[in-house]
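Going letter by letter, the sequence shown gives residues 1 to 366 in full-length UniProt numbering.
For each residue, glycine too, the CB sits at the ideal point set by N, CA and C.
Fair warning: this is a prediction, and the values are worked out from it, not measured in the lab.
First comes the structure, then the notes that go with it.
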Amino acid sequence: MLRGVSSSALFDLGGASAYGSIPAPRVSSVDFSAVQDTKGSSKSFPKHETRHLSEHKNIARCARFSPDGRFVATGSADTSIKLFEISKIKQMMLPDSKDGPVRPVIRTFYDHVQPINDLDFHPQSTVLISGAKDHTIKFFDFSKATAKRAFRVIQDTHNVRSVSFHPSGDFLLAGTDHPIAHLYDVNTFQCYLSANPPEIGVNGAINQVRYSSTGGMYVTASKDGAIRLWDGISASCVRSIVGAHGTAEATSACFTKDQRFVLSCGKDSTVKLWEIGTGRLVKQYLGSTHTQSRCQAVFNDTEEFVLSIDEPSNEIVIWDSLTAEKVAKWPSNHIGAPRWIEHSPTEAAFISCGTDRSVRFWKEIL
1 MLRGVSSSAL FDLGGASAYG SIPAPRVSSV DFSAVQDTKG SSKSFPKHET RHLSEHKNIA
61 RCARFSPDGR FVATGSADTS IKLFEISKIK QMMLPDSKDG PVRPVIRTFY DHVQPINDLD
121 FHPQSTVLIS GAKDHTIKFF DFSKATAKRA FRVIQDTHNV RSVSFHPSGD FLLAGTDHPI
181 AHLYDVNTFQ CYLSANPPEI GVNGAINQVR YSSTGGMYVT ASKDGAIRLW DGISASCVRS
241 IVGAHGTAEA TSACFTKDQR FVLSCGKDST VKLWEIGTGR LVKQYLGSTH TQSRCQAVFN
301 DTEEFVLSID EPSNEIVIWD SLTAEKVAKW PSNHIGAPRW IEHSPTEAAF ISCGTDRSVR
361 FWKEIL
């Protein structure tokens with residue numbers, strides 16, 4: 001089902017507008033199989049500087065970096081999407097351009113009629129997709145400076161809570177209020193559902209869906225507290241971790257680069273690392289409280305650290321990913337705890353955004 005479809009029909013944008021080459025990772029992925037005997041050897045998280053970038057007219061609900069780390073997009077309850085160029089953000093953060101004319105927002109898209117829940121970038125083309133409460137997935141071509149509206153729309157049957165492109169760019173997943181992820185062929189818009197889904201109760205809406213780096217698997221984090229792993233070819237559920245976050249919602253889930261583990265976050269105020277092959281809980285990252293919003297837990301670009309939010313103290317919490325020791329707590333600089341945190345895939349930088357409508361960029365002080 002996931003073979004042999006060319007994406008040229010949809011994305012004939014020419015080589016010039018495609019991404020640059022994706023930089024080589026700064027270190028190879030962390031070997032989490034060494035997790036047992038690493039106590040007491042926690043790394044220190046480098047100091048970061050932060051800058052307010054922009055403000056939406058309502059809650060900033062989500063953010064996503066492009067695969068090459070050159071762009072980041074934010075989506076809002078005001079139904080708009082802002083696209084930022086990272087090089088312009090860095091220029092803006094230079095000491096001599098505090099109030100200079102550098103404007104890091106290079107595109108603003110308006111085409112939804114209800115709040116935006118999630119975003120993703122096409123793996124090869126200059127295309128950004130958004131999933132929203134208006135039951136649509138919209139495709140925006142950001143190579144065109146004047147384009148404000150989507151050039152293609154998928155009409156779903158449900159509130160689209162999460163979106164994820166297959167690494168080939170030929171397919172995308174939509175996690176919705178329906179308990180089974182909707183798999184779309186990007187060229188035909190045909191929708192596929194798993195032929196043999198597991199029994200999922202009434203509260204199985206999907207908070208997040210993410211492909212693994214090769215597309216061989218995908219993971220869903222659901223309102224019923226479960227993390228489920230699915231085969232990327234057959235769309236069959238290969239493992240259900242029921243009650244991964246007790247009876248609380250599982251709010252985020254993502255794979256490690258080596259596709260052997262999944263990092264999940266839930267409204268039970270835990271962040272957990274699971275071994276995919278066995279479903280075993282390998283690590284717990286404790287000491288942050290998140291019971292209100294659809295909180296994210298993310299790795300940094302090298303997977304040496306895990307970042308999340310402590311809602312009561314309005315702080316960003318950082319753990320050593322191997323030792324699970326809390327190594328930093330930083331004031332978020334937001335008014336009210338951020339709703340979303342997203343790390344660059346290519347460098348020591350991340351985005352936070354939230355209820356105060358603002359978008360902040362964080363980068364390592366070099």
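Contact defined as beta carbons within less than 8 Å: I believe residue i pairs with residue j. What is the distance between those atoms, to the nearest angstrom?
i      : j      : result
Gln208 : Ser162 : 5 Å
Ile89  : Ser76  : Going by Cβ atoms, the distance from Ile89 to Ser76 rounds to 18 Å, so no, they are not a contact pair.
Ala324 : Tyr285 : 5 Å
Thr278 : Asp68  : 34 Å between Cβ atoms; not a contact.
Thr214 : Gln259 : 7 Å
Val105 : Ser54  : 5 Å
Phe109 : Lys148 : 6 Å
Phe32  : Phe261 : 5 Å
Glu303 : Val30  : 4 Å
Asn117 : Arg61  : 6 Å
Val306 : Leu263 : 7 Å
Glu249 : Lys272 : Rounded, the Cβ-Cβ distance is 14 Å, inconsistent with contact.
Ser332 : Ser352 : 6 Å
Starting from the Cα of residue i, find the closest Cα among the options and give me that residue.
i      : options                           : result
Ser269 : Asp231, Thr247, Ala181 and Val238 : Thr247
His56  : Ile154, Lys363, Glu364 and Val359 : Val359
Ser87  : Arg103, Ala174 and Asn314         : Arg103
Leu366 : Arg339, Met93 and Ala250          : Met93
Ile309 : Ala181, Ser125, Leu322 and Ala328 : Ala328
Ile341 : Phe45, Ala73 and Lys47            : Ala73
Arg357 : Asp31, Tyr192 and Ala63           : Ala63
Pro95  : Gln124, Pro123 and Arg51          : Arg51
Pro179 : Thr220, Gly216 and Gly131         : Thr220
Ile81  : Gln91, Glu311, Ala132 and Arg70   : Ala132
Phe171 : His158, Tyr192 and Asn159         : Tyr192
Glu364 : Ser321, Gly232, Asp301 and Leu322 : Asp301
Glu315 : Gly354, Val282 and Leu281         : Gly354
Ser288 : Phe350, Gln91 and Pro312          : Pro312
Pro123 : Leu83, Phe165 and Glu85           : Phe165
Apply the 10 Å Cβ neighbour rule to residue i and answer buried if 16 or more other Cβ atoms are within range, or exposed otherwise.
i      : result
Ser222 : buried
Leu128 : buried
Tyr211 : buried
Ser41  : exposed
Glu49  : exposed
Glu199 : exposed
Gln296 : buried
Pro25  : With a pLDDT of 49 at Pro25, under the threshold of 50, the modelled position of that residue is not reliable, and no figure is offered here.
Ala181 : buried
Lys144 : exposed
Ser293 : buried
Lys283 : buried
Arg280 : exposed
Going by beta-carbon coordinates alone, are residue i and residue j separated by less than 7 Å?
i      : j      : result
Asp224 : Asn203 : yes
Phe142 : Ala150 : no
Asp156 : Ala174 : yes
Ser168 : Ala235 : no
Ala226 : Ala253 : no
Cys265 : Thr256 : no
His112 : Asp134 : yes
Val238 : Leu229 : yes
Can you tell me where the beta strand (DSSP E) with residue i in it begins and where it stops?
i           : result
Gln91       : Premise fails: Gln91 lies in the alpha helix (DSSP H), Ile86 to Met92, not in any beta strand (DSSP E).
Leu281      : Leu281 to Tyr285
residue 367 : As shown, the chain starts at 1 and ends at 366. That puts residue 367 outside it, with no answer to give.
residue 444 : Only positions 1 to 366 of the chain appear in this structure, which leaves residue 444 out of reach.
His52       : His48 to Glu55
Lys148      : No beta strand (DSSP E) holds Lys148; DSSP gives it neither H nor E.
Pro338      : Pro338 to His343
Gln208      : Ile206 to Tyr211
Glu199      : Element bounds for Glu199: n/a, residue is neither H nor E.
Thr108      : Val105 to Tyr110
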